[in-house]
Amino acid sequence: MSQSTSRRSFLRDLGLTTAALPFMMNLPSLGFANTAVRKKRLIVMFSPNGVVPWNFWPDEEGDSFTLKESLAPLEPFKDKMLVMHGVCDKVRGDGDSHMRGMGCLLTGIELFPGNIQGGSHTPAGWSTGISLDQGLKTFLQSNPKTRTRFGSLEFGIMVPDRADTWTRMSYSGPNKPVAPIDDPYQMFNKLYGQLKDQESLKSVLDEVQADLQKLRSIVSAEDRHLLDEQATFVREMEQELKSSATSKIVHAVPELDAGIKEENDNIPQISRMQIDLLVNSLAADFTRIATLQYTNSVGQAKMRWLGIDEGHHSLSHHDNDNEDSQEKLTRINKWFAGELAYLAQRLSDTPELGGTGSMLDNTAILWGNELGQGNSHTLDNIPFVMLGNGLDFNMGRSLKFPKVPHNRLLLSIAHGFGNEVDTFGNPDFCGDGPLTGLS
Amino acid sequence: MSSRLDSSLRFYAPLIPLINQGWQLTSNAKCLVCLRVLGISVAGVFLATNAFADVDGISAGQRIYEQHCAACHGTRGEGVPKKQPEPLVGDRSLLDLTKVIVETMPEETPDHIVGDEAKAAAKYIYETFYSPVAQARNKPPRVELTRLTVRQYQNTVTDLIGSFTGTSRWDERRGLTAEYFNSRNFRGNERKIQRVDATIAFDFEERSPDKDIGSEEFSIRWQGSVIAPDTGEYEFIVQTDNGARLWVNDRDSKLIDAWVRSGNDTEYRASIKLLGGRSYPIRLEFFKFKEKTASIRLLWKPPRRQEEVIPERHLTPQGARQSLVVNTAFPPDDKSDGYERGTTVGKAWNDATTLAAIEVANKAISQLRDLSGVKQDDDKRDAKLREFCGKFVERAFRRPLSDTERELYVDRHFNETGDGTIAVKRVALLTLKSPRFLFREVANVNDSYDVAARLSFTLWDSLPDDQLWQVAARGELTKSEQVERQAERMVRDPRAKAKLRQFLHQWLKLDEFEELTKDEEQFPDFTPELISDLRASIDLSLEEVIWSEQTDFRQLLLSDGLYANDRIGKFYQLEGADGSSLKRVAVNPVERAGVLSHPLMMTGFAYHTTSSPIHRGVFIARNILGRTLKPPKDAVTPIPAESHPDLTTRERIRLQTEPTACALCHEMINPLGFSLEHYDAVGRFRREEKGQPIDASGFYERLSGEKAAFVGVRELAEFLADNSEAHAAFSERLFQYSVKQPVQAYGLGKRDELRQLFVQHEFNINKLLIEIAKTSALVPSKTID
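This is the structure we're talking about:
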């Protein structure tokens, strides 16, 4: 079996997208493929190390419920959210809980045996199946009416620079992990690099032309034709650039703060930069599928901006009766909820171009985690929260499921996009079909 | 039939009906075919007078020509549309030309111009416009303005960026440094072995690499650089039961990341573009942890080659700098003069230069700190970046900037954008799109900087290096000795070696051997792997000369060594060839001589099942002896071997080319090719064909009219190595390939002058290159009107 590296091709995409295209001029036409059909979008947000259950899950079931401390920042979106208790990652096999929790979260299927040793259990490799986001990307890209420039975008925030089972949740197929881009400047280049290249190019072509004119008088009469021909081609290029005016890009190109280094203490800034880029790329219809991955499974962010000096994963191992730690973990998850709220707010503030309502009304955000709770490493009760009306589910409820496999949730989302597959991931967990009672 | 031969022979197709008629050609048909060969055709009016005296200062020859030839050939041999459009030019001797007129002209009544009339007409034609000397006099070749060729562009960009990071050299050491650790994560205090490994192909099975290393977990790191022989896409392949990661020409991002072993994946591939004749940093890391077995292999698939474990000769423990290699694809250069020239521009080329400028500008920005040495938070960042940009523009333009130019190309962008990074990007784009970068010596100053650039492009296809720049800055490139001193230094640089290798590839047409597959039933063991080995084998023969002190042209033709491994040895029955790596073995000097009878050459110049004396003869006539052979106007299909099962190849070719029409050229081509009849379609030596002993006798009629006879490859090679036409042809080809201008543009006598120098220097190619560099670097200024 053979596997091509994805890290490399990703870097190549960044630097060389221009070379892959016939020319740089067709950027605008790649956005807004069409506006006739309602756009549906999915964003999967990931945060690690489980939650503090008693500060996370609402006590009530149904449309009347109170948000606990961890979810408090989502109060403004309460009527657009589903809190889904009782959804469990039942996939077993090789790898420890952190590995399976990450590698199976969106794939719903076992990991390959491999050489990566976790804290316990057997060593494992990559997932044996495609992830939901990538499956939906394939589904949307196969239809000209839903095809977009990128198909999917994978955003990260401080993901360690190593490819392993703990750092990857997206898979384009068995053994094909997809690397998130956690540098906002790299992501900006991927999204707008060609546009910026055009602008830079436009700014110098006049001078190139002037230089050609100057030199034509210096070279011999017999050689002049060569420079004259070149001048014609440069002129044609200038005209092409002018006619592909950037005005066709309806939304503004975001301005990023310069020089934000990729380091722990900048996580809050990087998070907002990435969310802004994400919202922009959805608004431009560059993609309808996105992932937003905070650190990694077993992530060790030190949230000093919350007054917490310990690493997130280390804290998550502390006992239930360690009140200080549980309070800190609650605060950490509340911070993630706050970022989710910011994302939802940005979408809610952006009108749906060519459609009705806001972008949030046409987007489903799924927030998940590799564990239910950090200190027990349980894969039961994965803290799944859904936000936004993109899939026309009946929102504004706290749901309690009887320990259902999370494959059924993945199936529900696929069906929400009209991708009515019978199974997703391991078929053994799909027997009962999509979750009932969502719509 | 191989596709290459197939296409070149399509010219002959219209003759098929004639062949089927059993060669009962009318004299008309003969003429139609042959005349094209010479560019001579029928005149409508017949000869009426026999006067030979000059009349009114007009020679008899001119009178005969104007009366009988000009109607079809034009008054000055320029050709006449719809009659004989091709100009009447060539390189036949006067004697030969006379013979052609006697035998074939005028087309419909070839008997009408014979004897003294033919002589007079031939003399007039020859002296007035036909001969190479007359051609040069009538249309003096000039040094044309050219743009960078694709090869020059690629090298120039790599060396421009490299001038800020340093370049890489390598010595004779080969293999990669290896460190073996008794831990899975390269812990320094667990390093048990440090050594050089020749190749990376280890199967440890269930064992450990060493007694001091446990078998449950260990790790190994290999480092050094990889030397790329040719320019193109290289696919690297890592095969392992365990975890591994590979970096090639990029310290920051892995080409292959297989650290996670997962499921049944044991092979990982990724491609990267590399320029030939340069070394690139490479690092491979490997670890085993708890898996039952351990194995690791590092392979590659270079351009035009088969997959193989990277041979020791392409690895060196010496480190190398990272190089910027342009990935943007360029349209191929115009090669109609027999060598790439940058004498045309076009939309595709302009687009490619734009995309490449963007690619390079973006890559430069991403490495800006390494290139400029300026930190993001440096107080004097703006000033330092301006200085960096100034150097970048100067090096790219191959000359210093005036104050006005500095303002235009550098300062203006910093002032306008107010952002150092954006300014650098604009400067880079403007520079790389500027005619001063893209065209050669376009500012037409003709000072030492222009001389420096001519030298570096001639010898390296690239920019002047620091040393050359400094000499130019002191104005010390105005005298022949000064230029010579630099050229002597420069021919030893790996870039000069790479360029020479590329030249030899073109000279031997190795670039054109694409698909070399042969009849599988007849040659079942002639596999793609064997072909790949043969390519490497001939390259090693070339490299042996290229890197030698004497760089002796004659050795290319006369060598009695052949590089072979067990596969080549077995197929060609060579003694002493064993093992998988190629080494030089001595061959029977009667059976093989230099590159001429190298199996790859003989395979390339052959059909699917049989040899092709015509292709071999044309190659020798054109490429080695430098003769002009126009392609036949009417296409001919070769007689299939099956239609004459009793004839040897030699007999069949003779039958096919018997008609006068063909014979005019084939008289020269066939005997050259016949001398290589000892080699079958896959280049094996044979003593007989179809039960008859091989007749490898051949001959060549020199331009002087003198005939030389030879039998077999050794005599042929000795004749060629000692032949002044071959010396002149080689010098001229090397000049044109190096300089990208016709040699006559530097003086009508230059071709012969170079030949004489080549002889004086005892056929030392490096010394010839130095002469070429001197000739082309110091030239008078062009006049401008």
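As you go down the protein sequences, you meet chains A and B in turn.
Just so we're aligned: the first sequence equals residues 195 to 633 in my numbering.
Just so we're aligned: the second sequence equals residues 11 to 795 in my numbering.
Backbone N, C-alpha and C define an ideal beta-carbon position, used for all residues, glycine too.
- Query: Name the chain B residues whose beta carbon is nearer than 9 Å to that of residue 310 of chain A?
  - Reply: The residue you call residue 310 of chain A lines up with position 116 of the first sequence. Here the neighbours are 253, 269, 270, 271, 272 and 299.
- Length-filtered (4 minimum) alpha helix (DSSP H) runs lying within the region 479-536 of chain A: 506-510
- At a Cβ threshold of 8 Å, is residue 445 of chain B touching chain A? What you label residue 445 of chain B is simply residue 435 of the second sequence in a count that begins at 1. Chain A, which has a Cβ nearer than 8 Å to the Cβ of residue 445 of chain B, makes this yes.
- Can you pull the chain B residues whose beta carbon is under 7 Å from the beta carbon of residue 317 of chain A, in chain order? To locate residue 317 of chain A, count along the first sequence from 1; it is residue 123. The answer, in chain order, is 300.
- Between the CA atoms of residue 749 of chain B and residue 193 of chain B - distance to the nearest angstrom: Within the second sequence, numbered from 1, the residue matching residue 193 of chain B stands at position 183. Within the second sequence, numbered from 1, the residue matching residue 749 of chain B stands at position 739. Answer to the nearest angstrom: the Cα atoms are 56 Å apart.
- Message: Spatial neighbours of residue 662 of chain B within its chain, please: C-beta separation below 6 Å, excluding the five flanking residues on both sides.
- Response: Reading the second sequence from its first residue, position 652 is the one you call residue 662 of chain B. Correct list, in chain order: 649 and 654.
- Task: Quick one: which unbroken beta strand (DSSP E) runs of 3-plus residues sit fully inside the region 276-322 of chain B? Chain order, please.
- Result: 277-284, 288-299 and 304-311
- Quick one, which residues of the region 582-608 of chain A are near chain B if we go by CB-CB under 7 Å, in chain order? none
- Query: What residues in the region 420-436 of chain A have a beta carbon less than 8 Å from any beta carbon of chain B?
  - Reply: 420, 421, 423, 424, 427, 428, 430 and 431
- With distances taken from CA atoms, which of B/420, B/93, B/531 and B/633 is nearest residue 519 of chain B? Along the second sequence, read from residue 1 onward, the residue named residue 519 of chain B stands at position 509. Measuring from the Cα of residue 519 of chain B, the nearest candidate turns out to be B/633.
- Query: Name the DSSP beta bridge partners of residue 228 of chain B, please?
  - Reply: If you number the second sequence from 1, residue 228 of chain B lands on position 218. In the DSSP output, where bridge partners are listed per residue, residue 228 of chain B has B/298.
- Message: Based on DSSP bridge pairs, tell me the residues matched to residue 562 of chain B.
- Response: Along the second sequence, one-based indexing puts residue 562 of chain B at 552. Per DSSP, B/774.
- Among A/414, A/544 and A/391, which residue has its Cα nearest to the Cα of residue 372 of chain B? The count along the second sequence starts at 1 and reaches residue 372 of chain B at position 362. Residue 372 of chain B has its Cα closest to that of A/391, out of A/414, A/544 and A/391.
- Message: Strictly below 7 Å CB to CB, what residues from chain A border residue 355 of chain B?
- Response: On the second sequence, residue 355 of chain B is found 345 positions in, with the first residue counted as 1. Listed along chain A are 420, 423, 424 and 427, each with a C-beta nearer than 7 Å to that of residue 355 of chain B.
- Closer than 7 Å by beta-carbon distance: list the chain E residues that pair up with residue 435 of chain B, in chain order. Looking for chain E here will not work: the only protein chains present are A and B.
- Sort out for me which residues DSSP pairs residue 186 of chain B with in a bridge. For the purposes of this step, residue 186 of chain B is taken as residue 176 along the second sequence, with counting starting at 1. DSSP output for residue 186 of chain B lists B/207 as bridge partner(s).
- Message: At the level of alpha carbons, what is the spacing between residue 327 of chain A and residue 360 of chain B?
- Response: Within the first sequence, the letter at position 133 stands for residue 327 of chain A. Within the second sequence, the letter at position 350 stands for residue 360 of chain B. Residue 327 of chain A and residue 360 of chain B: Cα-Cα distance of roughly 40 Å.
- Counting only runs of 3+ residues fully inside the region 555-627 of chain B, write out the beta strand (DSSP E) ranges in chain order. Whole beta strand (DSSP E) segments, 3+ residues: 571-574 and 593-596.
- State the start and end residues of the unbroken alpha helix (DSSP H) segment that holds residue 419 of chain A. By one-based count along the first sequence, residue 419 of chain A stands at place 225. Segment 418-437, the alpha helix (DSSP H) holding residue 419 of chain A.
- When we look at the beta-carbon of residue 315 of chain B and count the other beta-carbons within 10 Å, is it buried (16 or more) or exposed? Sequence index remark: in the second sequence, residue 315 of chain B carries index 305 (1-based). Buried is the call here.
- Message: When you compare the CB of residue 245 of chain B with every CB in chain A, is at least one pair closer than 8 Å?
- Response: By one-based count along the second sequence, residue 245 of chain B stands at place 235. No, no contact with chain A.
- Query: Taking the Cβ atom as the reference point for each residue, do residue 349 of chain A and residue 463 of chain A lie within a distance shorter than 8 Å?
  - Reply: For the purposes of this step, residue 349 of chain A is identified with residue 155 of the first sequence, where counting begins at 1. For the purposes of this step, residue 463 of chain A is identified with residue 269 of the first sequence, where counting begins at 1. Result no, Cβ atoms of residue 349 of chain A and residue 463 of chain A do not sit closer than 8 Å.
- Message: On the criterion of 16 or more Cβ atoms from any shown chain inside 10 Å, does residue 389 of chain B qualify as buried, or is it exposed?
- Response: Counting from 1 along the second sequence, the entry for residue 389 of chain B is found at position 379. The Cβ neighbour count for residue 389 of chain B, taken over all protein chains shown within 10 Å, is under 16; the residue is labelled exposed.
- Query: Does residue 449 of chain A have its Cβ less than 8 Å from a Cβ in chain B?
  - Reply: On the first sequence, position 255 is the one that residue 449 of chain A refers to. So, not an interface residue.
- residue 155 of chain B touches chain A at which residues, Cβ-Cβ below 7 Å? Here residue 155 of chain B corresponds to residue number 145 of the second sequence, with the count starting at 1. Here the neighbours are 413, 417 and 420.
- Task: Check whether the region 374-383 of chain A touches the region 281-294 of chain B, counting contact only when three or more Cβ pairs, one atom from each stretch, lie closer than 8 Å.
- Result: no
- Query: According to DSSP, is residue 545 of chain B helix, strand or coil?
  - Reply: Taking the first residue of the second sequence as position 1, residue 545 of chain B is located at position 535. DSSP, read as helix, strand or coil, puts residue 545 of chain B in helix.
- Task: State the start and end residues of the unbroken alpha helix (DSSP H) segment that holds residue 298 of chain A.
- Result: For the purposes of this step, residue 298 of chain A is identified with residue 104 of the first sequence, where counting begins at 1. Here residue 298 of chain A belongs to no alpha helix (DSSP H), and DSSP marks it neither H nor E.
- For residue 770 of chain B, go through chain A and note every residue whose CB falls closer than 7 Å to its CB, in chain order. As a working note, residue 770 of chain B is residue 760 in the second sequence. Here the premise fails: no neighbours, minimum Cβ distance about 34 Å.
- Query: So is residue 588 of chain A buried or exposed if we call it buried at 16+ other beta carbons inside 10 Å?
  - Reply: Counting from one through the first sequence, the residue named residue 588 of chain A turns up at place 394. Under this definition residue 588 of chain A is an exposed residue.
- Query: What are the complete beta strand (DSSP E) segments, minimum 3 residues, inside the region 710-734 of chain B?
  - Reply: 717-721
- Taking all protein chains shown into account, decide if residue 526 of chain B is buried (16 or more other Cβ within 10 angstroms of its Cβ) or exposed. Your numbering for residue 526 of chain B matches position 516 in the second sequence. With 16 or more other Cβ atoms within 10 Å, it is buried.
- Task: At 7 Å on the CB atoms, spell out the chain A contacts of residue 439 of chain B, in chain order.
- Result: Here residue 439 of chain B is taken as the residue at index 429 of the second sequence, counted from 1. Within 7 Å Cβ-Cβ: 394, 395 and 398.
- Message: So within the region 331-391 of chain B, which uninterrupted alpha helix (DSSP H) runs reach at least 4 residues, ignoring any that extend past its ends?
- Response: Runs of the alpha helix (DSSP H) inside the region 331-391 of chain B: 357-376 and 378-382.
- Verify the CB distance criterion: does residue 320 of chain A have a CB-CB separation below 8 Å to chain B? Indexing the first sequence from 1 puts residue 320 of chain A at position 126. Output row for residue 320 of chain A: interface = yes.
- Query: Between the region 285-309 of chain A and chain B, which residues of the former have CB atoms less than 9 Å from a CB of the latter, in chain order?
  - Reply: 305, 306, 307, 308 and 309
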